[in-house]
Structures are given as C-alpha cells and as structure tokens.
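Visitor:
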Amino acid sequence: MIESNFDFDLVVIGAGYGGFDAAKHASENGMRVAIIESREMGGTCVNRGCVPSKALLAASGKVREMADAKHLLDFGIHAAPVRFERQKIADHANNLVEAIRNNLTKTLERSGVTIIRAQGRLEGPQRVGLREKNGVDRVITARDVIIATGSDPFIPPGIETDGRTVFTSDQAINLEWLPRWIAIIGSGYIGLEFADVYTALGCEVTMIEALDRVMPTFDPDIAKLAARNLIDSRDIDARSGVLASKIKPGSPVRIELSDVKTREFSEELEVDAVLVATGRVPTSNGLNLGSMNVETNRGFVPIDDQMRVLFKGKPIPYLWAVGDVTGKLMLAHTAAAQGTIAVENILGNSRSIDYRSIPAATFTHPEISSVGLSEEDAKKLATEKDFSLGSVRSYFKANSKALAELESDGLMKLLFRKDNGEVLGAHIYGLHAADLIQEVANAIARHQSVLDLVNEVHTHPTLSEVVEVAYKQAAKLVKSS
Ligand SMILES: Cc1cc2nc3c(=O)[nH]c(=O)nc-3n(C[C@H](O)[C@H](O)[C@H](O)COP(=O)(O)OP(=O)(O)OC[C@H]3O[C@@H](n4cnc5c(N)ncnc54)[C@H](O)[C@@H]3O)c2cc1C
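Taking this note's numbering, the leading residue of the sequence shown gets 57, the next gets one more, and so forth.
#1: My output table needs one value for threonine 418: the three-state DSSP class, helix, strand or coil.
#2: Bridge partners of proline 209, per DSSP?
#3: Ordered along the chain, which non-local residues of its own chain (more than five positions away) have a Cβ less than 6 Å from that of glutamine 529?
#4: For serine 413, which residues in the same chain have their Cβ closer than 6 Å to its Cβ, ignoring the five residues on either side in sequence?
#5: I'd like to check one pair, leucine 519 with histidine 488: are the Cβ atoms closer than 8 Å?
#6: Is it right to say glycine 369 is buried, meaning 16 or more other beta carbons lie within 10 angstroms of its own, or is it exposed?
#7: In chain order, what residues of the same chain have a beta carbon less than 8 Å from the beta carbon of alanine 460, not counting five sequence neighbours either side?
#8: State the DSSP-derived secondary structure class of valine 513, mapped to helix, strand or coil.
#9: At a threshold of 7 Å, does isoleucine 238 count as lining ligand 1 (C-beta to nearest heavy atom)?
#10: So for serine 301, helix, strand or coil by DSSP?
#11: My understanding is that phenylalanine 321 touches isoleucine 424, with C-beta atoms under 8 Å, so please give their C-beta distance in whole angstroms.
#12: Which residue spans inside the stretch 306-391 form an unbroken beta strand (DSSP E) run of at least 3?
#13: According to DSSP, is arginine 139 helix, strand or coil?
#14: With a threshold of 7 Å, establish whether the CB of methionine 386 neighbours any heavy atom of ligand 1.
#15: Can you give me the Cβ contacts of glutamate 216 inside the same chain, cut-off strictly under 7 Å, excluding the 5 residues immediately before and after it?
#16: On a Cα-Cα basis, can you pick out the residue from Ile241, Arg194, Arg364, Trp233 that is closest to proline 209?
#17: Can you find a heavy atom of ligand 1 that lies under 7 Å from the Cβ of isoleucine 202?
#18: Determine the burial state of alanine 136: buried for a count of at least 16 other Cβ atoms within 10 Å of its Cβ, exposed for fewer.
#19: Determine contact between the stretch 116-123 and the stretch 246-259, defined as no fewer than three beta-carbon pairs at a distance below 8 Å.
#20: Which whole-angstrom value is the C-beta distance of alanine 111 and histidine 148, which I expect to be below 8 Å?
#21: Starting from the C-beta of alanine 283, find all residues in its chain whose C-beta is less than 7 Å away, skip the five residues before and the five after it, and write them out in chain order.
#22: Output the boundary residues of the alpha helix (DSSP H) element that contains valine 192.
#23: Can you give me the C-alpha to C-alpha distance between proline 235 and arginine 166, rounded to a whole angstrom?
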C-alpha cells in the first residue's frame, strides 16, 4: 500500500485491456485503485474487436470448410449442402462478448477495484475530472494516473458513414445483414479478417487499397502467397493504388474512386455496403491533456519504454499511458503488457517493454503472423551494426501434419544474424500461424540463437516442426558462415 492523502493510489482512465490489466495488477499489489469507463467495460477488444471478430471468424470458417466440397472429397467425405443462420452466428459473437465482459467486470470487482462509470479527463497534476451520465461533475485525486483510453476507427475525409450501409468494424461485428456485394476499404488485418468472414458467408467483395500493393503492412513474400489464397482464389476483386475518395451511403452505396497519384476520378462503383477499415485513431480528444502540458503526436500520447508520459522528451511525474492511445503496436496483448509494466514502475520495480518480441496475428483461414523485425528493418540493422543477415524459408508442404490436414499451403520466413544466430524476426502464413509465432516470440524475447534453439525437440507430427525446420536451416548457415 502506498501511504497517501489522495482519494486513490491509482486512477486509470479507460477499461479496455490496457486499463484492465493495469487496474487488476495494481489492486493485487495492494494499491487503492479506481478505473473510469464511459462506455462498455472491456473496451474495443472485448466489445468491438478481437472477441466478436474471432467468434465470427470461427463460425464462418466452419461454413467455409463445410462448403468446400472439393476439399472434403479429398478426405473422402461427401457433405450435404451447408446451411447457416446469420442471426445465430451474430448471437454467438454477442453472447461471447457478454460473457467475457461480465467476467472481466467481476474480476475487477473481486480484486477490489472501484469502477466509476463516467467520462474522465485530466485536471492538472494528480487530479482527474469525472462527468457522470447524470451530469454530475466532480474531481478525484490520485497519486498516479494512467491514461488507457484506446482508439476509434479512422474515417478518411470524403467518406460518410450511416452505420447501416457504410460502416466501420464497430458495426460490422454485429453482422446485422449480409450484403450481396460489399466493398472493403483497406487491406490491413481488419479488412482481411472481415473479407474472410463475408466471402465464407457468400458475399462478393471488392477490396480497395490506396497503397501500391494489397496487404502493404505484411512481409511482401508472405503477402504474395497469402493474397493468392485469401484474395485471388476467392470472390474478391482487389484493387491497389486506388483511393476511395468519396462514399455516399444509400441503396446502392456510391463510391467514387480516384487515382492515388493524380487524384483524378477513375470510376464509380455501386455496391450494397461498404466497410471502412482504414486504420484507427487515438481516443485522446476531451482528455484535457493541455492541463498537464502533454503534446500529442497526431493525437497519440508520447511515452517512454516504462510507460511514462513525456513532455519534450522528459517524463511528467505520476502520469502514465498505455495501449492504443500510445500508438505502439496497437494490439490487445501490447496494451495489457504495457498496463502491467506501468504498474510495476509505479511500484518501484523498474521494468521496460520489448516491442520486438510482441507477436501479431491475422485470424484469416489460414492465418498470418509475425514477430520482430521486417526484412527491410533487419537489413537496415545489419548495415548499421555491420553483421550479415540470414533469411531462411520453411514450407508447410514439407510438414506431415499440414499434409494430413490437406492444408499445406504455407510458408515461414525466419530472419537471424549470421554471425551469432540471434533470431531477429519471423513471418508466417499457414494453418495455425497465430499459434506457431509464439515460439519465435519467446526466442526473440530471450535473445536466443538458432544454435541453441536447434537443440529443442519438437513433437512429431505437429505444425511446430515448420519452426524446427527453419531453425535447423538457419543453424547450418550460421555454422558455415
Ligand atoms: C475489429 C478488430 C479486431 C481486433 N482484433 C484483435 C486481435 O485479434 N488481437 C489483438 O491483439 N488486437 C485486436 N484488435 C485491437 C485491440 O482491440 C486493441 O488493440 C485493444 O482493444 C486496445 O486496448 P486499449 O486498452 O488500449 O483500448 P480500448 O480497448 O480501445 O479501450 C479504451 C477504453 O477507454 C474508454 N475511454 C476512452 N476515453 C475515455 C474517457 N475520457 N473516459 C473514460 N473512458 C474512456 C473507451 O470507452 C474504451 O472502453 C482488434 C481491433 C479491432 C477493431
């Protein structure tokens, strides 16, 4: 317990994964904690992100598999035509959201955290203003304050949304209807996951990407293979280098496309619906950050690796920020890790985050995952630090388990230092890639060399042998260099 005259030892603004982990960890360590939430407990991940989207992907993935007569016939299975009920799939997602939200709320209550339902804001050092739904406005004090206010969908200028025919992931997760033809703006992980859901459920998709290739944020080799299966072989017309410059909701929805470089009008599309998946913006407006001299970077709150909020590069005492609002690897597990680290530092146990070892996954069928450096960044590091970069590929088509599953289209790329074998990054496309990446993430966190990793025995037959093969190939190159 921190002895103080403050109302609380710690006040956390925002009860998403970042805020939740921070509040729980602080309370379990004897601090008097309040968490302030203006919407649903659990934030984006639980209510509008990871949880419902993965429930939709699980259900639609089963539909896809059962509807793939050729795939089933290759196992000798004759399946009846598959039927599904859209509302029941939507209910599955909603029920899961409710269950996880209730569990999370109860966990906080059991840990002794005070939950305050209000809009929070800073009111100068160690003071937090609260506006409750009934209009009551008050100020509470805390020794430390953590900002964990997350992010919201970004809607580019020229795009109008109505939540029904033109919408973001916030509405898409409700699966209120299945448009015959839907345009998805953006080919990042959110656009790809929803394209997976919609095509499995029989919708036709047009994917519009402003950058010069689809899946621009993924490793180019992985993206090439993944796009062949996840886009080209499906009912998806993907266009890159094209800007959706104007979108008007209605029936039909009208989309004006223009050339990214010249900005000249190129085409008009008429579709039944549009999902805008063009990234996310920090939720930092209205936080009164000026009262603490915080200067944001396009709304993102600047922090150091210990989660201390910075002003002109120097930490502001007792003020911390975690999660999407900081703009670092905007993922639920990053937010949670940052939350725990912030509290550890408040408790006086100096801890820093290692972003390089945090994995990321896209839960398409099959999945895509990555951890560590991109090949481009690894090359830059190799030049800077004067070592040669190793890169090996391990294919799922050489893996017994993948072959048994008739899911052998997959690739893992491993990046490592040739001088000492240290693993720098991995990029995987293939069955259960999201699970496979964890092993490499752990190796990166421990700065392990493929020379040690190669001695670790992997279960046969499992997909993990794809990783083992990569380590073996890499170790040979390190030894011979
Ligand atoms: C469709 C989709 C799928 C995703 N899938 C995955 C996935 O599979 N895996 C993964 O790791 N990540 C996924 N993400 C990302 C993940 O949801 C976010 O990274 C994560 O939710 C960030 O957590 P956070 O705590 O920073 O913020 P949030 O979860 O956004 O929570 C912030 C909370 O703060 C509250 N708040 C904001 N301002 C105030 C205020 N002034 N006062 C009080 N409360 C306030 C908000 O209401 C919100 O509840 C997905 C996101 C989306 C949109």
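The beta carbon of each residue, even a glycine, is placed where N, CA and C say it ideally should be.
Just so it is clear, the structure is predicted and the values come from calculations on it, not from any experiment.
Guide: On the basis of the data shown:
#1: Three-state result, threonine 418: strand.
#2: Residue pairing for proline 209: DSSP places it in a beta bridge opposite Arg336.
#3: Answer for glutamine 529: Val448, listed in chain order.
#4: Result list for serine 413: Ala497, Ile500, Ala501, in chain order.
#5: Yes, Cβ-Cβ distance for histidine 488 and leucine 519 is below 8 Å.
#6: Within a 10 Å sphere around the beta-carbon of glycine 369 sit fewer than 16 other beta-carbons, which makes this residue exposed.
#7: Within its own chain, the residues whose Cβ lies closer than 8 Å to the Cβ of alanine 460, once the five positions on either side in sequence are excluded, are Pro517, listed in chain order.
#8: Valine 513: coil per DSSP, three-state reduction.
#9: No.
#10: In this structure, serine 301 counts as strand in the three-state DSSP scheme.
#11: That pair is no contact at about 34 Å.
#12: Those beta strand (DSSP E) runs which fall completely within the stretch 306-391 and span 3+ residues are 309-315, 321-327, 329-332, 336-338, 364-367, 370-377.
#13: Note: arginine 139 maps to coil in three-state DSSP.
#14: Methionine 386: yes, Cβ under 7 Å from ligand 1.
#15: Within the same chain, glutamate 216 has close Cβ partners Val222, Ile303, Lys304, Pro305.
#16: For proline 209, the closest alpha carbon among the candidates Ile241, Arg194, Arg364, Trp233 is that of Ile241.
#17: The answer is no for isoleucine 202.
#18: The residue in question, alanine 136, is exposed, as its Cβ has fewer than 16 Cβ neighbours within 10 Å.
#19: The stretch 116-123 vs the stretch 246-259: in contact.
#20: So it is a contact: roughly 5 Å between Cβ atoms.
#21: Contacts found: Val270, Met271.
#22: Valine 192 -> no alpha helix (DSSP H), and no H or E assigned at all.
#23: Proline 235 and arginine 166 have their C-alpha atoms some 43 Å from each other.
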